[in-house]
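The opening residue of the sequence shown carries number 0 in numbering that gives the first Met the number 0; numbering runs sequentially from there.
Idealized CB from N, CA, C, for every residue including glycine.
In this text, all values refer to a predicted model and were calculated from it rather than measured experimentally.
Heads up: the structure comes next, in C-alpha cells.
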Amino acid sequence: MNSTTLPSAPPKKHRNLAQGVVAYITDSIRDGALDPGDKLPTESEIMRLQGVSRTVVREAISHLQAAGLVETRHGIGTFVLEPPPAGMLGLDPNTVITMRDVLAILELRISLETEAAGLAASRRTDEQLQQLRAALDSFEACVRTGGETVASDQQFHLMIAQASSNRYFHDILGHLGKNIIPRARLNSARLAQEDPVIYMERVINEHEDIFNAIARKDPESARAAMRTHLSNSRERLRRAQEMAEGGKA
C-alpha cells in the first residue's frame, strides 16, 4: 500500500518540534488531506517535509497514537484511524493535543465558566463555599510546596460549576477532564517565557478574586473575575503560540 502524499508547504516553526509534526499531521487529517485508512508518509518523507530528525517524528507518532488518531502496523506503516465515537456534544477529550486545541478549549470555557461563576455567586450554599475554599487551599498548598497542581485546580473549577446548580456546566467540564487546565497539556509558564513562581502566584490571585466574589454573593464581580482569569490564560497561550510559530511576541 502506498503512502499518502502530503503538501510540502514550509513547516511552521514550533518551539517543541514534535508538537509541530503533530499539528501538521492533525491538520492534514482534519482538512481531508488524510482520510481514515490512509497510510501516513514514511518517516523519511515526514523528516524531509518538516525538516526534523527521525527521533522527533517517532515522538510525534507516539502522541498521535495516544490520541487515537493513528495506529502503527509493524512492518507495514502507520495508518489514519476512523474518528472515535463522538462524546458529549461531539467533544472528545482525546483530541485535545495541540496548542491550538488548548486555545479552543479556553475559548469555550470563557463562555461557559463566566456564567457558571455568576450563577454560583447567586446560588451557592454555605457548604459549597466551604468545599470551594478547601479546593482553593489545596491548590495553594500544592503551589507553595512545589506539588502537582492540576488536580486541585480542576477541582476548584468543577466546584464552581457544581455550585451553579446547573448540572450541565458540571457535566461538560467533567467530561473534558484535566483538559480544562492548560498545564495538563502544556507547560504554560515555560511557553510564555515567564518565571514559574510568578506565573503560579498570579493564578492564585486570580482564583482568590473569583472565590471572594462568590463568597460575598456578587454575581457580576464573579463573572468578571472568571472572565479575567480565563482570558489571561488564553492571552498567555496565544503569545506563546506566536513565539513558537515564529510570529511577533
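- Leaving aside the five residues that flank VAL56 on each side, the residues in its chain whose CB is nearer than 7 angstroms to its CB run, in chain order, VAL20, GLU42, ILE45 and MET46.
- With a cutoff of 7 angstroms on beta-carbon distance, ALA160 and LEU175 are scored as not near each other.
- Residue environment for ARG123: buried (at least 16 other C-beta atoms within 10 angstroms of its C-beta).
- For PHE78, the beta-bridge partners assigned by DSSP are LYS38 and GLU70.
- Here GLU139 has ILE203 as same chain residues with Cβ atoms under 6 angstroms from its own Cβ, once five neighbours each way along the sequence are excluded.
- ARG222 sits away from GLY146, with the two beta carbons spaced by 7 angstroms or more.
- Take ILE28, set aside five residues on each side of it, and the residues of its chain with a beta-carbon closer than 7 angstroms to its own are LEU68 and VAL79, in chain order.
- Proximity of the segment 209–220 to the segment 101–119 meets the contact definition, three or more beta-carbon pairs being nearer than 8 angstroms.
- Sequence-distant Cβ neighbours of ALA150 in its own chain, meaning closer than 8 angstroms and more than five residues away, are LYS177.
- If you draw a straight line from the Cα of ARG53 to the Cα of LEU236, it comes to about 28 angstroms.
- The beta carbon of GLN240 lies closer than 6 angstroms to those of MET98 in the same chain, with the five residues before and after it left out.
- MET199 is positioned such that its CB atom lies no closer than 7 angstroms to that of GLU112.
- An exposed status is given to VAL196, since fewer than 16 other beta-carbon atoms sit within 10 Å of its beta-carbon.
- Rounded to the nearest angstrom, the gap between the Cα atoms of GLU81 and ILE180 is 27 angstroms.
- For GLN129, the number of other beta carbons within 10 angstroms of its own is below 16, and it is reported as exposed.
- Your pair LEU105 and HIS206 does not check out as a contact, with CB atoms roughly 16 angstroms apart and the cut at 8 angstroms.
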